[in-house]
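Just so we're on the same page, this note's numbering is the position in the sequence shown counted from 1, plus 94. Each residue gets a CB set at the ideal place from its N, CA and C atoms; glycine is no exception. Report on the structure given below.
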Amino acid sequence: MGRPKRFWVSQESGSYHIISRTVGGEILFHDQEKEFFLNLLERLAAGFFVQVHTFAILGNHFHLLVTNLETEADQASKEELLRRYRRMFGKCAEPPPGVYDSSGELIPDEDGGIERLRYRLSSVSCFVQELKQTFSRWYNKNNNRKGYLWGDRFKSVLMGSGDAQVICSAYIDLNPVRADICQCPEDYRWCGMGLEVRNPNRWRKLITPLNIALPLSNVIKAPNNHAHNNKETLSSGSAPRTEQKQQRNWYREFVYISGGISRTEKASISPELVSAAVHYHGRIGIGDRFRYRMRNISEGIAIGSYSLIAEFQKKYKRKFLRPRSFLNVVNMNMVNIVNMEGLFVTRVLRN
95 MGRPKRFWVS QESGSYHIIS RTVGGEILFH DQEKEFFLNL LERLAAGFFV QVHTFAILGN
155 HFHLLVTNLE TEADQASKEE LLRRYRRMFG KCAEPPPGVY DSSGELIPDE DGGIERLRYR
215 LSSVSCFVQE LKQTFSRWYN KNNNRKGYLW GDRFKSVLMG SGDAQVICSA YIDLNPVRAD
275 ICQCPEDYRW CGMGLEVRNP NRWRKLITPL NIALPLSNVI KAPNNHAHNN KETLSSGSAP
335 RTEQKQQRNW YREFVYISGG ISRTEKASIS PELVSAAVHY HGRIGIGDRF RYRMRNISEG
395 IAIGSYSLIA EFQKKYKRKF LRPRSFLNVV NMNMVNIVNM EGLFVTRVLR N
């Protein structure tokens, strides 16, 4: 029996919750594998016409919430398509100018393969296929392994715009908590909320936050009878940047309240952490932000000026490491207090 054709809809209708598990549910993803998967996700998201709203990479599966930008793909010029392709595969890469038949002969397209490239870059299915296949090749080669890595083709669930997207996003960010890996989402490096507090610049390049202009219309009750009302959090007269910040605070509070609800055979966020998130309306204080940044020290290999990092990479041939701002905070008082202006950190993957 043939597999049913996937159901895809326009970007105005909503997003897709993508789920894929390893063969037999085997735990194959450890720190190094998760970091490679995240780097690969960043590279492919920069090329394909998809928006990644959040993600979670666990030991035997991953979750993505993505929106397909088919309108932008339809309007993209040849130069834009080639630019995106080369961002993924190198500045000198050229897409196939046609298709190969069963005998291996190239059948060139009249346009040199541009429309074929447009179709591929606009397809969520091709995006996930490239993600899984590239990771499988790397993993099998790195572990001297053969055979299938993924249990089945990926699962895609349509999430309508609005409430469904927000609920799905929270479900994904709460995955490491429900799996009892950590106490709160920010403690986990390989999910959307964890990446946001640890490396905001990297998060902004990968993630397109959901527009929570009118989120859940009802009042959500927290475990300790705290009331959470979105109308108190968002103000219609806010400036765009301020409103985005308010939306992220609202979202974090919503995630904590949702995570505090007990589920059978699943871990939950403690009432104390939920109460703190509700009390501060989802805001993360400077102390907490610094605590999350400090975790980069234990994951790092060198800290210092940009020139020191460059010299270190040249000496030890570590050019694949990307220097980044150590503190990466806007609050200048914080920078002056710790007196660490101009410091950078670079890290390696732990074996």
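Close CB contacts of Pro279 within its chain, under the 7 angstroms cut and outside five residues either way in sequence, are with Asp267, Leu268, Pro270, Val271, Cys285, Met287, Gly288, Val349 (chain order). For Leu215, the three-state secondary structure derived from DSSP is helix.
Cβ contact annotation for Lys360 (same chain, cutoff 6 angstroms, sequence separation greater than five): Arg272, in chain order.
The Cβ-Cβ distance between Thr148 and Ile301 falls below 8 angstroms. As computed with DSSP, Ala150 is found in a beta bridge with His157, Cys285.
Taking all protein chains shown into account, Gln341 has 16 or more neighbouring C-beta atoms within 10 Å of its C-beta and is therefore buried. Ranked by Cα distance from Ser171, the first of Leu132, Lys226, Leu215 is Leu215. If you draw a straight line from the Cα of Met182 to the Cα of Phe142, it is about 9 angstroms long. For Pro202, the enclosing beta strand (DSSP E) stretches over residues 200 to 202. With a beta-carbon spacing of about 11 angstroms, Ile201 and Gly207 fall beyond the 8 angstroms limit used to define contacts.
For Ser109, the enclosing beta strand (DSSP E) covers residues 108 to 115. The continuous stretches of alpha helix (DSSP H) do not include Ser364, and DSSP gives it neither H nor E. A direct Cα-to-Cα measurement between Cys220 and Val368 gives close to 39 angstroms.
The shortest C-alpha to C-alpha distance from Ile261 to any of Gly119, Ile351, Ile363 is the one to Ile351. Asn234 and Glu209 have their C-alpha atoms roughly 33 angstroms apart. In the displayed model, Leu134 falls within a helix according to three-state DSSP.
For Val144, the pairing in a beta bridge is given by DSSP as Asn162.
Under the DSSP definition of a beta bridge, Gly254 partners with Gly108. Tyr265 carries a helical assignment under DSSP once its states are collapsed to helix, strand and coil. Beta-bridge partners of Val193 (DSSP): Ile201.
With fewer than 16 neighbouring CB atoms inside 10 Å of its own CB, Ala187 falls in the exposed class.
Boundaries of the alpha helix (DSSP H) around Trp297: 294 to 300. Of the candidates Ile113, Leu135, Arg115, the residue whose Cα lies closest to the Cα of Trp297 is Leu135. In this structure, the beta-carbon distance from Leu163 to Val144 falls below 8 angstroms. Secondary structure of Arg357 (DSSP, three-state): strand. Annotated as proximal: His157 and Ala150, with beta-carbon spacing under 8 angstroms. The C-beta of Arg283 has 16 or more other C-beta atoms within 10 Å across all chains shown, which makes the residue buried. By the CB criterion at 8 angstroms, His111 and Leu159 fall inside the cutoff.
Distance from the CA atom of Val117 to the CA atom of Thr336, rounded to whole angstroms, is 44 angstroms. Taking Val291 as reference, the option from Gly376, Gln259, Val251, Leu304 with the minimal CA-CA separation is Gly376. Comparing alpha carbon positions, the residue from Leu243, Gly256, Thr161, Arg247 closest to Ser217 is Thr161. With respect to the C-alpha of Thr165, the residue from Tyr213, Glu366, Gly354, Ala264 having the closest C-alpha is Tyr213. Cys276 and Asp205 have their C-alpha atoms some 52 angstroms from each other. Judged by DSSP in its simplified three-state form, Lys339 adopts helix.
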